[in-house]
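Notes for the one structure printed next.
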Amino acid sequence: MEFTQFLWMTFGVFVTLCIMSFLYKDNPFYKFAEHLVVGVSAGYFVVILWHTGLVPKLFQRLADGDWYYGFLNSSNLEYLIPAILGCLMWTRFSKDYSWLSRWPMALYIGISAGLAVPLEMSNRVNKQLQAMMVKIDWANFFGHDGFDLLDITNGLSQLLILVGALAAIIYFFFSKEHKGAFGHVATLGIWVLMIGFGASFGFTVMARISLFINRLQDTFAWGHQSFDTSNEHYSIFFPIVFWGLVLFVTGYIAYEIVTHLRKKATTS
Amino acid sequence: MKYKILIVGMVLLFGLSSVWAQSEPEESDSVVIDSAELFPAPVSDIKLSDKPNDHGHAVVVTWEPSADDGGGKNNVVQYEIYWSTSFDGPFDTAGVVPSGTREFEHVGSKDPDDPKYIPDNTDLFYQIDVVTADPLIRTTSGTEGPVQCSGQWYNTGRTPVLIAVLIFGLLTAVFVTSARKGRKLYVRPIGGIEAVDDAIGRATEMGRPILYVLGLGSAADVATIASFTILGRVAKRVAEYQTELIVPTYDPIVMSVAQEVVKSAYYDAGRPEDYKEDIVHFVTQSQFAYVAAVNGTMLRELPATNVYMGKFFAESLLLAETGSLAGSIQISGTDEIAQIPFFIVACDYTLIGEELYAASAYLGREPKLLGSLKAQDWAKAAVVILAIIGLIAANLGWDSFTNLFQVVD
Numbered sequence: 370m371e372f373t374q375f376l377w378m379t380f381g382v383f384v385t386l387c388i389m390s391f392l393y394k395d396n397p398f399y400k401f402a403e404h405l406v407v408g409v410s411a412g413y414f415v416v417i418l419w420h421t422g423l424v425p426k427l428f429q430r431l432a433d434g435d436w437y438y439g440f441l442n443s444s445n446l447e448y449l450i451p452a453i454l455g456c457l458m459w460t461r462f463s464k465d466y467s468w469l470s471r472w473p474m475a476l477y478i479g480i481s482a483g484l485a486v487p488l489e490m491s492n493r494v495n496k497q498l499q500a501m502m503v504k505i506d507w508a509n510f511f512g513h514d515g516f517d518l519l520d521i522t523n524g525l526s527q528l529l530i531l532v533g534a535l536a537a538i539i540y541f542f543f544s545k546e547h548k549g550a551f552g553h554v555a556t557l558g559i560w561v562l563m564i565g566f567g568a569s570f571g572f573t574v575m576a577r578i579s580l581f582i583n584r585l586q587d588t589f590a591w592g593h594q595s596f597d598t599s600n601e602h603y604s605i606f607f608p609i610v611f612w613g614l615v616l617f618v619t620g621y622i623a624y625e626i627v628t629h630l631r632k633k634a635t636t637s
Numbered sequence: 565m566k567y568k569i570l571i572v573g574m575v576l577l578f579g580l581s582s583v584w585a586q587s588e589p590e591e592s593d594s595v596v597i598d599s600a601e602l603f604p605a606p607v608s609d610i611k612l613s614d615k616p617n618d619h620g621h622a623v624v625v626t627w628e629p630s631a632d633d634g635g636g637k638n639n640v641v642q643y644e645i646y647w648s649t650s651f652d653g654p655f656d657t658a659g660v661v662p663s664g665t666r667e668f669e670h671v672g673s674k675d676p677d678d679p680k681y682i683p684d685n686t687d688l689f690y691q692i693d694v695v696t697a698d699p700l701i702r703t704t705s706g707t708e709g710p711v712q713c714s715g716q717w718y719n720t721g722r723t724p725v726l727i728a729v730l731i732f733g734l735l736t737a738v739f740v741t742s743a744r745k746g747r748k749l750y751v752r753p754i755g756g757i758e759a760v761d762d763a764i765g766r767a768t769e770m771g772r773p774i775l776y777v778l779g780l781g782s783a784a785d786v787a788t789i790a791s792f793t794i795l796g797r798v799a800k801r802v803a804e805y806q807t808e809l810i811v812p813t814y815d816p817i818v819m820s821v822a823q824e825v826v827k828s829a830y831y832d833a834g835r836p837e838d839y840k841e842d843i844v845h846f847v848t849q850s851q852f853a854y855v856a857a858v859n860g861t862m863l864r865e866l867p868a869t870n871v872y873m874g875k876f877f878a879e880s881l882l883l884a885e886t887g888s889l890a891g892s893i894q895i896s897g898t899d900e901i902a903q904i905p906f907f908i909v910a911c912d913y914t915l916i917g918e919e920l921y922a923a924s925a926y927l928g929r930e931p932k933l934l935g936s937l938k939a940q941d942w943a944k945a946a947v948v949i950l951a952i953i954g955l956i957a958a959n960l961g962w963d964s965f966t967n968l969f970q971v972v973d
């Protein structure tokens, strides 16, 4: 690893520590990392939108026209419509004409909502409904290899999924109070939902822990690189940078402890 | 000596010529026979048709497999389908399918700049190569065509969706009309929404702001649209109580719509002079950068109440946990099933899935929204009944009933 690569790695570790320091409290290092990531991402997305949106989807389509004619001599004139609608968004900066920006917004939301209706109905109603109409496997009601409740393809699981789904739907009835038998079914529904959420929570937390482990591995790799004499580019600057960062972090921690103790002494 | 050499030479020449004469035809015959044996029979009965129920730019190719596919020489490995816009070619590869296949859907792009573009309403021609393990040993069919592809206005495979939408639309119209006529439509209390007013009151008493997060959805997401309604209600109350409101946004369009919503709410509350453009502000369109900024706001501004309503992804727990650390009352709602558990553990009140949509109707009390909510309940009742009937039908083998609900995309 070359020294410049090592410096970037060090910066990655530093920013990781900056973000982690948020667990203690808000501090200048967290603020630095926060503003860095917000600023970089904002700039990055401007470039991305330019290169993946405006250039290929507008300018290249109008490229056979001439700019000094306002691209009106282009063969793809229809692309001027979204271009004009996009420009109308800029009228938000004018007090007199800001109402014009509502046109593209209305069009965007209207089209999206219209597209969503058949899609949602198909995916969340029709297909789910048909999926509930299953042929229960009565021959293997308790499992395909004898009594095996972990076998989710058995008849009992199919029946439980169906009952759970129906109970959960009943929980989402808003026009009727959850009382009596209806209330009991709704309670079963919320239990089913909570069991599902619990499983989902555990699964996702494990995924997050794996992300944390990944950051730790990167940090350990950085520590290893700092003293890896087998590295052909190794020089004295590697451990100097390492100890520099370590001293910086411990120095800040010491400063925070001293400040805290002083505050405590002043208040007492 | 000369005669001896001449005789030996002639004998050798004769011998060689006889060997040549014997061996050459044999070799030649054997190659011809082997080749004929190796080359597979071509496919037959190639049929071309426009792919039905699509947006065009797609052709369905069917054929009768080669006699050597699964029988005969049994040496067919795959079929290679070629297409062209001209009978004489040149032909481009449309796709490759394994032996035993009788159909191929040549689905292309509708973008003329895309190399996979297939033009609509243009004559197209196809050839099918029967290919053996040795790619050089193959048999090409004759050129078939022309066929033209085009898009259809109506997808017959989605008729069940159309019927469901029409029924739901009818139900909505009936209930909206009924609500407009003054019929009282009951909506059961939703805990999280009941808490919104209390939370705004708490913020006013504490002199701290209210943070409203619309999530990462676009303005077209149903959850975000529902969130706009709730934001309107919150903003109106905030304006009435003269509390501070902070709305950091992730999407520029969402920001614009939210600005309009908040502005209208301030006007409705009779306090247009209190409205400031930067109440609703854009942060960034990077997920975790947005989280970092909102988390920073939470710890610096120390809002009394955090409201998370809309579409959330991996940032849900990061936001809710920070808000909890900051000591804020937290109310959340999302239709993202995977994120609801995080809100449940870290927030004081959580609207689960459809409760978010119901909340907007519950708060707004507008006939349109209440009628829609009532129609949803009827639709849910229909789903429960149909699911039970469908289950019985499926177990009794009445497939004609279950097929009524089948959607073919």
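Residue numbers (the working numbering), protein chains in the order written: chain A, 370 to 637; chain B, 565 to 973.
Backbone N, C-alpha and C define an ideal beta-carbon position, used for all residues, glycine too.
Here the structure is a predicted model, which means the values were calculated and not measured.
- Have a look at GLU590/B and ASP693/B and give me their C-alpha separation to the nearest angstrom. Walking along the second sequence from the start, residue 590/B turns up at place 26. Walking along the second sequence from the start, residue 693/B turns up at place 129. At GLU590/B the pLDDT is 46, less than 50, meaning the model places this residue with poor confidence and gives no usable figure here.
- Item | Per-residue DSSP class, three states only, for SER582/B | Mapped onto the second sequence, residue 582/B falls at position 18. Reliability fails at SER582/B, whose pLDDT of 49 lies under 50, so the model's placement of it is uncertain and no value is given.
- Residue span of the beta strand (DSSP E) that contains GLY874/B, given as start and end: On the second sequence, position 310 is the one that residue 874/B refers to. From DSSP, the beta strand (DSSP E) with GLY874/B extends over 869-875.
- Item | Own chain residues within Cβ distance below 7 Å of VAL624/B, not counting five before or after | The residue given as residue 624/B occupies position 60 in the second sequence. Correct list, in chain order: SER613, LYS615, GLU667, GLU669.
- Message: Assuming ILE916/B is part of the beta strand (DSSP E), what are its boundary residues?
- Response: Counted from its first residue, the second sequence places residue 916/B at position 352. It spans 913-916 - the beta strand (DSSP E) in which ILE916/B sits, taken as one unbroken run.
- Task: Measure the alpha-carbon distance for LEU446/A versus ASP973/B and round it to whole angstroms.
- Result: For the purposes of this step, residue 446/A is identified with residue 77 of the first sequence, where counting begins at 1. For the purposes of this step, residue 973/B is identified with residue 409 of the second sequence, where counting begins at 1. Roughly 32 Å separates the two Cα atoms.
- Can you tell me which of the three DSSP states SER592/B falls into? Numbered from 1 along the second sequence, position 28 holds the residue referred to as residue 592/B. For SER592/B, the predicted structure reports a pLDDT of 43, less than 50, and the residue's modelled location is therefore unreliable. A value from the coordinates is still provided. Three-state DSSP puts SER592/B in a helix.
- Item | Within chain A, the residues that LEU955/B reaches when beta carbons sit closer than 8 Å | Within the second sequence, numbered from 1, the residue matching residue 955/B stands at position 391. Simply MET501, MET502, VAL503, ILE505, LEU531.
- Query: For the beta strand (DSSP E) that SER648/B lies in, which residues bound it at each end?
  - Reply: Counting from 1 along the second sequence, the entry for residue 648/B is found at position 84. Annotation for SER648/B: the continuous beta strand (DSSP E) segment containing it runs 642-648.
- Item | the segment 920-927 of chain B touching the segment 571-589 of chain A, judged by at least three CB pairs closer than 8 Å | no
- Taking a Cβ distance cut-off of 8 Å, strictly less, list which residues of the segment 392-413 of chain A are near chain B, in chain order. LYS394, ASP395, TYR399, LYS400, ALA402, GLU403, VAL406, VAL407, VAL409, SER410, ALA411, TYR413
- Span of the alpha helix (DSSP H) holding LYS400/A? Sequence index remark: in the first sequence, residue 400/A carries index 31 (1-based). Taken as a continuous stretch (DSSP letters only), the alpha helix (DSSP H) holding LYS400/A covers 397-418.
- Query: Is there contact between the segment 862-876 of chain B and the segment 833-850 of chain B, where contact requires at least three CB pairs shorter than 8 Å?
  - Reply: With a cut-off of 8 Å, the segment 833-850 of chain B and the segment 862-876 of chain B do not count as touching, because too few Cβ pairs lie within range.
- Message: Within the continuous alpha helix (DSSP H) that includes ILE810/B, where are the two ends?
- Response: Residue numbering aside, residue 810/B sits at position 246 when the second sequence is read from its first letter. Taken as a continuous stretch (DSSP letters only), ILE810/B belongs to no alpha helix (DSSP H), being part of the beta strand (DSSP E) at 809-813.
- On the three-state DSSP scale, how would you describe PHE362/A? Here chain A comprises residues numbered 370 to 637, so residue 362/A is not present and cannot be evaluated.
- Message: Using a Cβ-Cβ cutoff of less than 6 Å, which residues in the same chain neighbour SER791/B once the five nearest sequence positions on both sides are dropped?
- Response: If you number the second sequence from 1, residue 791/B lands on position 227. Answer for SER791/B: LEU778, MET873, GLY874, listed in chain order.
- Item | Short Cβ contact (8 Å threshold) for SER630/B with PRO604/B | Taking the second sequence and counting its residues from 1, one reaches residue 630/B at position 66. Taking the second sequence and counting its residues from 1, one reaches residue 604/B at position 40. Result yes, Cβ atoms of SER630/B and PRO604/B sit closer than 8 Å.
- Based on Cα-Cα distance, which residue from GLN642/B, PRO654/B, THR665/B lies nearest to TRP627/B? Locating residue 627/B in the second sequence gives position 63, counting from the first residue. For the residues GLN642/B, PRO654/B, THR665/B, the minimum Cα distance to TRP627/B belongs to THR665/B.
- Nearest residue (CA-CA) to ARG752/B, options MET501/A, LYS548/A, VAL554/A, HIS553/A: Residue numbering aside, residue 752/B sits at position 188 when the second sequence is read from its first letter. Minimum Cα distance to ARG752/B is reached at LYS548/A.
- Validate contact between the segment 938-945 of chain B and the segment 459-470 of chain A using beta carbons, cut 8 Å, 3 pairs: By the C-beta criterion, the segment 938-945 of chain B is judged not to be in contact with the segment 459-470 of chain A, since fewer than 3 inter-stretch pairs fall below 8 Å.
- Item | Coarse secondary structure for TRP560/A, derived from DSSP in three states | The residue labelled residue 560/A in the question sits at position 191 within the first sequence. In this structure, TRP560/A counts as helix in the three-state DSSP scheme.
- Item | Cβ shell of ILE682/B (< 6 Å), same chain only, five flanking positions each side left out | Numbered from 1 along the second sequence, position 118 holds the residue referred to as residue 682/B. So the list reads HIS621, GLY672, once near-sequence residues are dropped.
- Query: Which two residues bound the contiguous beta strand (DSSP E) that contains VAL738/B?
  - Reply: Within the second sequence, residue 738/B is the residue found at index 174, counting from 1. Unbroken run through VAL738/B is the alpha helix (DSSP H), 723-744; no beta strand (DSSP E).
- Message: If you measure between the beta carbons of ARG722/B and SER481/A, is that distance less than 8 Å?
- Response: What you label residue 722/B is simply residue 158 of the second sequence in a count that begins at 1. What you label residue 481/A is simply residue 112 of the first sequence in a count that begins at 1. For ARG722/B and SER481/A, no; Cβs fall outside 8 Å.
- List the residues of chain B whose Cβ lies closer than 7 Å to the Cβ of GLU546/A, in chain order. Position 177 of the first sequence, counting from 1, holds the residue named residue 546/A. By Cβ distance, chain B contributes ARG752.
- Message: Strictly below 9 Å CB to CB, what residues from chain A border SER510/B?
- Response: Lying outside 565 to 973, the shown extent of chain B, residue 510/B is not represented and no answer is given.
- With 8 Å set as the bound, which would you pick, yes or no: does the beta-carbon of ARG461/A sit closer than that to a beta-carbon of chain B? On the first sequence, residue 461/A is found 92 positions in, with the first residue counted as 1. So yes, ARG461/A belongs to the interface.
- Message: I need the straight-line Cα distance from ALA555/A to PHE542/A, nearest angstrom please.
- Response: For this step, residue 555/A is matched to residue 186 along the first sequence. For this step, residue 542/A is matched to residue 173 along the first sequence. So the alpha carbons of these two residues sit roughly 9 Å apart.
- GLU601/A: first and last residue of the uninterrupted alpha helix (DSSP H) it sits in: Numbered from its first residue, the first sequence carries residue 601/A at position 232. GLU601/A -> no alpha helix (DSSP H), and no H or E assigned at all.
- Message: Let me make sure I understand the geometry here. Which of SER936/B, ARG801/B, GLN970/B has the alpha-carbon closest to that of ALA737/B?
- Response: Within the second sequence, numbered from 1, the residue matching residue 737/B stands at position 173. Checking every option, the nearest Cα to that of ALA737/B belongs to SER936/B.
- Task: Return the CA-CA distance between GLN940/B and VAL494/A, expressed in angstroms with no decimal places.
- Result: As a working mapping, residue 940/B is identified with position 376 in the second sequence. As a working mapping, residue 494/A is identified with position 125 in the first sequence. So the two alpha carbons sit approximately 11 Å from each other.
- Excluding five sequence neighbours on each side, which residues of the same chain lie with their C-beta closer than 6 Å to the C-beta of MET770/B? As a first step, residue 770/B must be located in the second sequence, where it is residue number 206. Excluding residues within five positions, the ones whose Cβ falls inside 6 Å are ALA868.
- Query: Just curious, the alpha helix (DSSP H) that PRO816/B is in, first and last residue?
  - Reply: Taking the first residue of the second sequence as 1, we reach residue 816/B at position 252. Run containing PRO816/B: 816-832, per the alpha helix (DSSP H) assignment.
- Can you name, in chain order, every residue of its own chain whose Cβ lies under 6 Å from the Cβ of VAL384/A, other than the five neighbours on each side? Position 15 of the first sequence, counted from the first residue, corresponds to residue 384/A. Excluding residues within five positions, the ones whose Cβ falls inside 6 Å are ALA402.
- Beta-carbon gap between PHE969/B and ALA957/B smaller than 8 Å: Here residue 969/B is taken as the residue at index 405 of the second sequence, counted from 1. Here residue 957/B is taken as the residue at index 393 of the second sequence, counted from 1. The answer is no: Cβ separation not under 8 Å.
- Item | Min CB distance PHE428/A to chain B below 8 Å | Taking the first residue of the first sequence as position 1, residue 428/A is located at position 59. No, its Cβ sits nowhere closer than 8 Å to a Cβ of chain B.
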